[in-house]
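> For reference, the structure I am asking about is given below.
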Amino acid sequence: MKYLFFFLSIIAINQCNSVQKETHYIEGNASGVANGMRVYLNELDEKGRTQVMDTSIVMEESFYFDQKEKLAGEEIRFITLDGSEGNFVLLVNNEPLKVELRKDSLIKSTVIGSKPNHELKKFKERQSSYVTTSKKFQGERVAALRNGDNAQAAAVVNKWTTAENEFKTYAIRTMSDNSSSIIAPMILGELLQNKFLDATTSRNYYNEFDTHIKESIMAQRIDAFLKKAESVAIGAKAPELEGTNPEGKVIKLSEVLGKVTLVDFWASWCGPCRRENPNVVDAYNKYHSKGFNILSVSLDRPNGEKAWKDAIIKDKMNWNHISRLMYFGPLAKLYNVSAIPATFLLDENGVIIATNLRGQQLHNKLEELLGS
Numbered sequence: 007m008k009y010l011f012f013f014l015s016i017i018a019i020n021q022c023n024s025v026q027k028e029t030h031y032i033e034g035n036a037s038g039v040a041n042g043m044r045v046y047l048n049e050l051d052e053k054g055r056t057q058v059m060d061t062s063i064v065m066e067e068s069f070y071f072d073q074k075e076k077l078a079g080e081e082i083r084f085i086t087l088d089g090s091e092g093n094f095v096l097l098v099n100n101e102p103l104k105v106e107l108r109k110d111s112l113i114k115s116t117v118i119g120s121k122p123n124h125e126l127k128k129f130k131e132r133q134s135s136y137v138t139t140s141k142k143f144q145g146e147r148v149a150a151l152r153n154g155d156n157a158q159a160a161a162v163v164n165k166w167t168t169a170e171n172e173f174k175t176y177a178i179r180t181m182s183d184n185s186s187s188i189i190a191p192m193i194l195g196e197l198l199q200n201k202f203l204d205a206t207t208s209r210n211y212y213n214e215f216d217t218h219i220k221e222s223i224m225a226q227r228i229d230a231f232l233k234k235a236e237s238v239a240i241g242a243k244a245p246e247l248e249g250t251n252p253e254g255k256v257i258k259l260s261e262v263l264g265k266v267t268l269v270d271f272w273a274s275w276c277g278p279c280r281r282e283n284p285n286v287v288d289a290y291n292k293y294h295s296k297g298f299n300i301l302s303v304s305l306d307r308p309n310g311e312k313a314w315k316d317a318i319i320k321d322k323m324n325w326n327h328i329s330r331l332m333y334f335g336p337l338a339k340l341y342n343v344s345a346i347p348a349t350f351l352l353d354e355n356g357v358i359i360a361t362n363l364r365g366q367q368l369h370n371k372l373e374e375l376l377g378s
């Protein structure tokens with residue numbers, strides 16, 4: 007009988023051990039976090055916003071999440087913590103993960119034993135280093151210009167450009183090496199946001215992503231962004247524009263096309279736009295008689311009607327103007343404009359033949375198209 011008791015005791019011990027060694031989908035260590043604090047697991051919704059999908063309670067500096075459903079492929083998740091700012095980005099599939107959460111700096115938290123998360127961490131560290139370097143060069147350039155040292159400012163710009171190219175090369179290589187990981191669209195999104203890549207080049211990289219990665223929410227949002235950018239790329243037919251001129255008349259782009267037409271997104275509050283306006287005025291005065299027209303699209307705010315009209319008069323912009331006084335609203339979104347000045351040069355059929363020509367570049371192109 008004692009042997010049977012001994013055997014049953016072994017079973018009971020093993021059962022207790024199996025409970026203690028239970029493996030959770032995400033096991034987390036939260037050093038220094040008090041009992042009862044909540045940790046949230048978030049995902050992206052279809053509009054790219056984060057939403058809570060699960061909540062865990064910290065006990066004895068530990069927390070966990072169990073898997074709710076099997077994933078079709080790798081996905082992105084965000085961990086947030088009560089009392090801490092920001093979030094920690096991690097990549098998940100169907101394999102368990104261990105997380106070391108840093109309450110004072112969630113972004114510096116780590117995932118143990120996951121190659122995709124290791125690659126993502128390396129990229130984020132390299133990106134952070136570049137941002138710090140970029141800010142340093144920006145400050146040095148401003149200081150040099152303030153002191154009237156143009157040579158030093160140019161030298162700083164050269165170093166800044168080198169650092170930017172090095173980071174861009176690293177980012178593209180990392181993206182290409184991880185085309186089967188959600189890392190790829192994450193990096194492509196960063197490169198697009200910082201204008202390191204144009205739409206055509208970005209589309210080529212996007213096409214290299216694995217099919218299941220293209221189905222991710224992040225990749226689909228990039229695809230939608232690229233489609234909008236491609237709709238106003240060189241060679242595309244410019245979308246129709248319609249707005250009210252300063253006199254209250256509705257004007258359409260198709261009604262004011264010349265042999266060559268400049269669509270110019272600007273605003274009265276935009277310093278770079280106002281500084282470029284004299285150059286555009288010179289170009290209009292020189293080439294309008296040869297078929298050069300301009301349609302200026304103001305992105306002034308709802309309360310900016312007077313400022314818009316006054317700026318037109320002050321800057322002597324004697325051509326067609328429209329606005330909806332909606333800032334970066336429908337008209338800007340139609341042309342994928344997120345910063346101004348932004349310009350699009352069209353041929354007589356409304357096809358885009360050049361973009362963002364400034365200064366002498368605009369004059370050179372107009373001379374090429376219309377003659378001197």
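Residues in the sequence shown are numbered from 7 upward in steps of one, following this note's numbering.
In this text, a Cβ means the ideal position worked out from N, Cα and C, and glycines have one as well.
In chain order, what are the residue ranges of uninterrupted alpha helix (DSSP H) at least 4 long that sit wholly in the segment 198–279?
The segment 198–279 contains these whole alpha helix (DSSP H) runs: 205–213, 217–220, 223–236.
> Assess, as a yes-or-no matter, whether the segment 194–214 is touched by the segment 223–232 under the definition of 3 or more beta carbon pairs within less than 8 Å.
Contact between the segment 223–232 and the segment 194–214 is present, because at least three Cβ pairs lie under 8 Å.
> Report the option in V39, G42, F84 whose CA atom is closest to the CA atom of I32.
For I32, the nearest C-alpha among the options comes from F84.
> Alpha carbon to alpha carbon, how far is F143 from I189? Give it in angstroms, no decimals.
Roughly 28 Å between the two C-alpha positions.
> Quick check: D270 and S302, are their CB atoms within less than 8 Å of each other?
Yes, they are a contact pair.
> How should E221 be labelled, buried or exposed, when 16 other C-beta atoms within 10 angstroms of its C-beta is the threshold for buried?
Burial call: exposed.
> Taking 8 Å as the cut-off, decide whether the C-beta atoms of S140 and A169 are in contact.
Going by C-beta atoms, S140 is nearer than 8 Å to A169.
> Between the Cα of T61 and the Cα atoms of Y46, R55, S115, which residue gives the shortest distance?
Residue Y46 is the option with its Cα nearest to T61.
> Please report the straight-line C-alpha distance between I16 and Q73, rounded to a whole angstrom.
Only weak support exists for where I16 lies, its pLDDT of 42 falling under 50; the value from the coordinates is given anyway. Whole-angstrom Cα-Cα distance: 31 Å.
> Quick one: residues in its chain with C-beta nearer than 6 Å to the C-beta of F202, no 5 flanking neighbours on either side, listed in chain order?
Counting only Cβ-Cβ distances below 6 Å, and skipping sequence neighbours, we find K174.
> Using CA atoms only, rank isn't needed, just tell me which of I359, G365, R364 is closest to L1.
No information on residue 1 is available, as it lies outside the stretch 7 to 378 that the chain covers here.
> With the cut-off set at 8 Å, would you say L103 and F94 are in Cβ contact?
Contact flag unset, no.
> Tell me which residues share the same chain as L368 and place their Cβ nearer than 6 Å to its Cβ, disregarding the 5 neighbours each side in the sequence.
Here the set comprises A289.
> Is it right to say N370 is buried, meaning 16 or more other beta carbons lie within 10 angstroms of its own, or is it exposed?
Its Cβ having fewer than 16 others within 10 Å, N370 is exposed.
> Could you work out which residue in A78, K76, T86, N35 is closest to T56 when comparing CA atoms only?
Of the listed residues, the one whose Cα sits closest to T56 is T86.
> Going straight from the alpha carbon of I19 to that of G92, what length do you get?
At I19, the pLDDT of 41 sits below 50, so the modelled position is not reliable and the matter cannot be decided from this model.
> For M65 and R44, I'd like the C-alpha separation in whole angstroms.
Taking the straight line joining both Cα atoms gives about 10 Å.
> With K109 and V58 assumed to form a contact (beta carbons below 8 Å), what rounded beta-carbon distance in angstroms separates them?
Rounded, the Cβ-Cβ distance is 18 Å, inconsistent with contact.
> Could you check the C-alpha separation between E49 and I223 for me, to the nearest Å?
If you take the alpha carbons of E49 and I223, they lie about 10 Å apart.
> Could you check the C-alpha separation between N299 and V163 for me, to the nearest Å?
One C-alpha to the other measures close to 35 Å.
> Which term fits L151, buried or exposed, when burial requires 16 or more other beta carbons within 10 angstroms of its beta carbon?
L151 comes out exposed.
> Taking the alpha-carbon positions, what's the N153 to G145 distance?
In a straight line, the C-alpha of N153 is about 12 Å away from that of G145.
> Using C-beta distances below 8 Å, list every residue in its chain close to S344, excluding the 5 sequence neighbours before and after it, in chain order.
Within the same chain, S344 has close Cβ partners F334, A338.
> Which complete alpha helix (DSSP H) runs does the segment 280–338 hold, if anything under 4 residues is left out?
List check, alpha helix (DSSP H) in window: 311–320.
> Would you call the segment 262–279 and the segment 348–359 in contact, with 3 or more CB pairs under 8 Å?
Contact holds: three or more Cβ-Cβ distances are below 8 Å.
> Between the alpha carbons of R75 and L97, how many angstroms are there, rounded?
The residue asked about is misnamed: residue 75 is Glu in this sequence, not Arg. Near 15 Å, if we compare the C-alpha coordinates of L97 and E75.
> For the candidate residues Q133, K265, D306, whose alpha-carbon lies nearest to that of L372?
For the residues Q133, K265, D306, the minimum Cα distance to L372 belongs to K265.
> Using the Cβ count rule (16 or more neighbours within 10 Å means buried), how would you classify I113?
Exposed: under 16 other Cβ atoms inside 10 Å.
> Between E52, K165, D216, which has its C-alpha nearest D183's C-alpha?
Of E52, K165, D216, the residue nearest in Cα terms is D216.
> Starting from S68, follow the beta strand (DSSP E) in both directions and report where the run begins and ends.
Run containing S68: 68–71, per the beta strand (DSSP E) assignment.
> Determine contact between the segment 244–262 and the segment 318–327, defined as no fewer than three beta-carbon pairs at a distance below 8 Å.
In short, these stretches touch, since the Cβ pair count reaches three.
> Do I4 and T206 have their C-beta atoms closer together than 8 Å?
One cannot answer for residue 4 here, as it falls past the ends of the chain, which runs 7 to 378.
> What does V137 pair with, by DSSP beta-bridge criteria?
Paired residue(s): none; V137 is not in a bridge.
> So what's A360 in DSSP terms, helix, strand or just coil?
Reduced to three states, the DSSP call for A360 is strand.
> So which of I219, A239, N171 has the shortest CA-CA distance to E81?
Nearest option by C-alpha distance: I219.
> Thinking T1 and S329 are a contact (beta carbons under 8 Å), I'd like their distance in whole angstroms, please.
The requested residue 1 does not occur in the structure, where the chain is confined to residues 7 to 378.
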